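As given, the protein sequences belong to chains A and B, one line each in that order.
The opening residue of the first sequence carries number 1 in this note's numbering; numbering runs sequentially from there.
The opening residue of the second sequence carries number 1 in this note's numbering; numbering runs sequentially from there.
Glycine residues also receive a C-beta, built at the ideal position from the N, C-alpha and C atoms.
It should be emphasised that the depicted structure is a prediction, and the values quoted were computed from it without experimental measurement.
Step one of this worksheet: look at the structure below.
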Amino acid sequence: MAKSKPETFFPQELIRNFSIIAHIDHGKSTLADRILSLTGALSDRQMREQYLDSMDIERERGITIKSQAVTVNWEKEGKTYALSMIDTPGHVDFNYEVSRALAACEGCVLLVDATQGIEAQTLSNLYLAMQNDLAIIPVLNKIDLPGAKTDEVRSTLCDLLGVEGGEVLEVSAKTGFGVKELLDAIVEKIPAPSGNPDGPTRALIFDSQYDPYRGIITYIRVVDGNIEAKDRIIQMKSGSSLVPLELGIVDPFMRPVEMLTTGQVGYVITGIKDVRQAQVGDTITCERNEAKEPLKGYKAPESMVYAGLFPLETDQFPLLRQSLDKLRLNDASISYTPETSSALGFGFRCGFLGLLHMQIVMERLEREFGLDLISTAPNVHYRVEMADGSEITVTNPTQFPENKVKAVWEPVIEASIITPKEYVGDVMKLCQEHRGKMLGMEYLGPDRVCLRYKLPTGEIIFGFFDQLKSRTKGYATLDYAPAGEQKADLVRVDILIHGEFSDALSAICHKDKAYEYGLKMTKKLKKLIPRQQFEIPIQAAIGQRIIARETISPLRKDVLAKCYGGDITRKRKLLEKQREGKKKMKVIGNVAIPQEAFISALSLEELDDKDIREKLKAHARK
Amino acid sequence: MKFSNTLPSPSPEDLGRAYKASERPFRLYVHVPFCRKRCGYCNFNTFTSYSLAPGFDRSTYPSLLEKEMEKAKKWQEEYKIPLKPASSVFFGGGTPTLLSPGQLSQILEAVRRTWGIEEGAEISVEANPDSVEGKELFELKKAGFTRVSFGIQSWEPRILKVLDRTHSPEAAWRAVRKARKAGLSCSADLIYGSPSEKRKEWIKTVRFTSALGLDHVSCYALSIYPRTKMGRQLEKGEIRQESDSSQAADYEIADSLLSRRGYKWYEVSNWAREGKECLHNLGYWKNDDWLGLGPGAHSHFSNLRFWDFSRPGAWAGTLQEGLLPWEGEILSDREMKEEEIFLGLRLRSGLDLEKLQKQAGAKIQNVPGPSLYGLAVLKGGVLFPTRRGRLLNDFLIRSVMDRFLG
């Protein structure tokens with residue numbers, strides 16, 4: 001039965017904390033909405049209103065429909081339970097954040113689209129949930145759709161989880177069918193939180209968000225003891241100690257409370273503005289009942305992908321610095337250090353959690369701060385052991401030493417790729433092309449296969465996902481997690497334009513891929529650099545050795561406006577415009593190169609060229 | 001509401017007030033905006049209708065021009081812009097010879113009445129080979145015209161068709177012969193780099209032209225502009241633009257063949273026998289003063305550049321209201337220097353760097369020969385473009401501007 005006035009205090013045995021694990025489009029938010037209306041947390045009218053204008057409402061009234069943790073009440077057999085739904089980020093770049101969100105739960109709902117089947121992302125989150133010993137409630141969604149393969153997907157889930165067919169629930173989040181049964185199952189199957197109510201206070205930060213009006217909102221799960229609104233709290237890793245401005249739960253309105261007790265999920269607002277002081281995975285305790293030991297599992301955010309970010313207009317460099325400083329307030333995982341490039345001017349070498357994270361950051365910098373940015377090709381970091389026993393970490397290709405290298409270590413990941421079985425061959429070929437080592441292969445039902453590979457991280461950050469999608473007609477899904485490092489045969493490929501080295505275009509590649517990179521980059525540049533009045537050689541080199549070369553033929557005649565009938569004005573204006581344009585270009589080796597050429601050369605776009613394919617084939621035969 | 005982000009163009013009064021006196025020859029240009037048919041490549045201000053606006057057709061055009069002359073003269077007087085006899089007169093188009101010799105004479109007489117024309121001045125008219133009969137050429141000579149410039153373009157019927165020209169090679173040949181008989185100095189305009197033109201077709205055109213005993217030849221690379229018939233054909237992929245290196249080869253061929261026949265280049269696109277250069281066109285490059293009459297015609301007086309409204313209705317309507325149909329710009333010192341550089345570098349006589357140095361305070365040593373990629377040579381303080389410098393003229397101009405203007 002639904003209850004309209006929610007309670008804010010619950011004994012431990014009446015609390016259930018869970019998350020919903022689902023692939024994008026498998027209906028997670030529809031199900032969450034359905035749960036909100038069914039439990040009476042939101043009326044249908046409120047739901048509609050908020051749907052219409054959710055952003056503004058969020059700001060003005062502190063409602064967080066898409067909250068990181070919403071608590072609803074559900075009545076079963078005369079008892080009212082507090083069910084907290086904890087959201088998990090949906091992308092591999094944020095794997096660690098997912099693991100912390102799951103650590104705040106005792107169970108999860110595994111939501112699978114009956115028309116699609118299980119996907120790699122879902123599977124990997126499921127494995128994380130299993131590692132955390134969570135109770136798992138398998139649920140099939142969209143069972144009412146004509147394309148539903150309910151039986152097939154159900155049997156896959158049974159195999160995967162070792163459960164009986166009857167334990168797999170069936171719902172239609174859209175119509176609400178089966179959602180009541182699901183809520184009952186959550187109460188029945190997910191255990192109550194097991195923390196010690198009398199122990200020293202320990203709460204896990206599983207998410208934090210920056211709100212321009214209220215500062216950082218930290219989402220916590222009380223593991224042991226309790227926190228009162230008047231308590232001075234201590235964040236054990238960052239060491240900061242303050243009295244919260246507000247302690248509360250989200251139901252889905254932000255509702256201040258006096259106390260959060262063992263097992264409860266809620267939020268703390270402390271007035272701090274910098275997200276780095278409220279990092280996911282950190283433990284909160286309080287002075288009144290201080291814990292000595294933090295909760296396990298804290299990990300500082302680790303950059304996986306690095307790239308140079310440069311403003312297109314050199315005078316935007318100070319703005320870029322300010323913008324990065326501001327952005328870091330709500331994204332603790334960005335790192336950056338100043339960097340100078342002869343081709344691109346002043347900028348920053350930035351570290352990101354992954355490629356998507358990099359794209360998000362760039363987009364935010366451009367949209368929220370009005371910057372125009374160019375990025376160098378993303379790369380990973382390498383550990384280089386030198387002959388003299390010293391060691392350097394390379395995050396920028398230009399730092400890569402040319403000689404006296406004893407060994408180079410590259411980061412690797414373990415990837416799970418789920419694909420329809422007819423594409424297994426293509427996927428294996430793709431992984432081999434990217435120096436993958438197969439770890440295992442298993443069937444998920446009759447038609448779908450999960451391939452596990454160890455791959456160098458550097459190989460998957462550049463276009464791998466797109467290639468995977470295109471070779472499997474969009475069916476394959478990918479998930480990965482860092483898995484240490486391995487020794488690798490890597491070289492630095494430099495690009496010389498008219499004999500001059502251009503730092504922005506250098507790349508670290510595997511020895512076997514160096515020729516391909518050199519060939520593709522020189523070809524690309526040949527297409528992109530406007531012809532000049534002299535011949536321009538474009539070369540790719542490893543150290544002193546030239547491995548590929550293209551030549552841009554000289555321009556023999558330029559045709560700008562003529563001055564028919566004495567129209568001198570037009571000619572002058574065209575010349576002025578042309579000179580303005582030239583001034584904005586970067587000059588390398590006496591060659592004026594438009595910014596767009598760099599942008600395109602550095603873009604992830606693959607150049608498909610018959611000549612390249614043939615040359616690569618010939619090279620492979622050698 | 002949308003606002004334009006450019007300043008309104010200065011009015012004739014603004015222009016007059018801003019005039020800075022400077023001693024230069026004075027020339028006169030008359031634009032005739034009529035054509036029988038628009039050529040595929042043409043983006044000039046010309047119209048194939050003979051009646052262009054209320055009160056504006058072929059018969060009333062001379063009187064509209066007289067009205068503009070009268071107003072222009074008053075404007076000069078009001079703003080103390082010296083009145084001088086014209087050193088040259090040029091009738092361009094469009095197709096000036098679509099006006100009758102009588103009308104052309106009438107306009108020329110009006111010029112004489114208004115400003116006077118210097119003794120022995122060059123008076124040119126452009127003509128389409130098929131728009132003149134022998135008789136008319138004699139009449140033009142009698143009226144005082146000294147020179148005729150034929151739009152011959154090519155001697156190859158196939159190429160004339162590609163260019164949408166209406167005349168035949170035979171008609172062109174007849175027209176030239178008659179003009180010479182009439183005692184007019186003759187020039188031919190040629191176009192190279194037409195789509196599908198073969199090298200030997202171009203060689204034939206230049207050879208044939210140079211054998212006709214003309215005084216003057218102009219060779220223009222075909223430029224295809226958007227919003228022309230050829231521009232649309234190019235977009236649709238029906239024709240192909242010749243490469244710059246092919247056009248460069250055409251240019252070099254023309255330059256060699258014409259020089260061997262006694263024509264010397266004096267401006268990037270112009271070759272003439274000794275003493276037969278087109279003084280009027282040279283005036284454009286030497287920054288002389290000139291007044292242009294007719295829709296879309298350009299004028300230059302010292303630090304002023306202005307032009308007639310190009311839309312016939314606006315042009316005629318404004319004149320009929322008793323106003324000058326002009327808009328233009330007032331040049332800054334820097335802009336005048338820019339012009340001096342890019343105009344001078346098109347000429348055989350070169351760019352006088354010493355003079356420029358005095359004005360700009362820049363140093364000649366900043367223009368070492370080799371760094372200009374062999375595009376120009378410096379002799380006695382003057383920078384002379386080489387043949388390569390003529391072909392890559394815009395680049396040469398930019399390099400010199402970069403050194404002098406930053």
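When rounded, the separation of the alpha-carbon atoms in residue 430/A and residue 422/A is 14 Å. Neighbours of residue 370/A in chain B, taken as residues whose beta carbon is under 9 Å from its own, are absent, since the nearest beta carbon is some 20 Å off.
In this chain, residue 155/B is not harboured by any beta strand (DSSP E), its DSSP state being neither H nor E. Using a Cβ-Cβ distance cut-off of 8 Å, the segment 241-258 of chain B and the segment 42-62 of chain B are not in contact, since fewer than three pairs of beta carbons, one from each stretch, lie closer than that value. If you draw a straight line from the Cα of residue 327/A to the Cα of residue 265/A, it comes to about 27 Å. Secondary structure of residue 311/A (DSSP, three-state): strand. When 7 Å is used as the limit between beta carbons, residue 569/A is near these residues of chain B: 305 and 329, in chain order. Listed along chain B, the residues sitting closer than 7 Å to residue 566/A by beta-carbon distance are 29, 284, 290, 292, 298 and 300.
Minimum Cα-Cα distance from residue 230/A among the listed residues 254/A, 287/A, 571/A and 195/A corresponds to 287/A. Judged by DSSP in its simplified three-state form, residue 341/A adopts strand. Looking from the CA of residue 35/B, the closest CA among 212/B, 94/B and 344/B belongs to 94/B.
Leaving aside the five residues that flank residue 106/A on each side, the residues in its chain whose CB is nearer than 8 Å to its CB run, in chain order, 16, 17, 18, 134, 135, 190, 191, 192, 193 and 194.
Taking 9 Å as the CB threshold, residue 333/B stays off the interface with chain A. Residue pairing of residue 592/A in beta bridges, as defined by DSSP: 587/A.
One thing to note: residue 175/A has its Cβ no nearer than 9 Å to the Cβ of residue 235/A.
Residue range 244-260 is occupied by the alpha helix (DSSP H) that includes residue 256/B, with no beta strand (DSSP E) assigned at that position.
Apart from sequence neighbours up to five positions away, the residues of its chain that approach residue 125/B with a beta-carbon distance below 6 Å are 91, 96, 145 and 148, ordered along the chain. Within the segment 569-599 of chain A, those residues whose Cβ lies closer than 8 Å to any Cβ of chain B are, in chain order, 569, 571, 572, 575, 576, 578, 579 and 582. Contacts between residue 128/B and chain A, judged by CB atoms closer than 8 Å, are missing: the closest CB pair is about 16 Å apart. Rounded to whole angstroms, the gap between the alpha carbons of residue 167/A and residue 75/A is 22 Å. One Cα belongs to residue 82/B, the other to residue 308/B, and the distance between them is close to 21 Å. Look at residue 326/B here: in three-state DSSP terms it is strand. For residue 75/A, the secondary structure class from DSSP, reduced to helix, strand or coil, is strand. With a 10 Å radius around the Cβ and a threshold of 16 neighbouring Cβ atoms, residue 140/B comes out buried. When 8 Å is used as the limit between beta carbons, residue 338/B is near these residues of chain A: 572, 575 and 576, in chain order. Residue contact check for residue 534/A against chain B: a CB pair falls below 9 Å. Judged by DSSP in its simplified three-state form, residue 141/A adopts strand. Following the DSSP letters along the chain, one finds residue 221/A inside the beta strand (DSSP E) bounded by residues 215-224. Going by beta carbons, residue 40/B and residue 230/B fall inside the 9 Å limit. Its Cα nearest to that of residue 300/A, the residue 205/A stands out among 440/A, 515/A and 205/A. Contacts between residue 92/B and chain A, judged by CB atoms closer than 8 Å, involve 565 in chain order. Counting of Cβ neighbours within 10 angstroms places residue 218/A among the buried residues, the total reaching 16 or more. Taking a cut-off of 8 Å on C-beta distances, the segment 370-388 of chain B does not touch the segment 314-322 of chain B, as fewer than three cross pairs fall below it. If you ignore the 5 residues before and after residue 71/B, its C-beta comes within less than 6 Å of the C-beta of 324, all in its own chain and listed in chain order. For residue 14/B, there are no C-beta contacts with chain A under 8 Å, since the nearest C-beta of that chain is about 16 Å from it.
Contact with chain A is absent for residue 104/B, since none of that chain's Cβ atoms lies less than 9 Å from the residue's Cβ.
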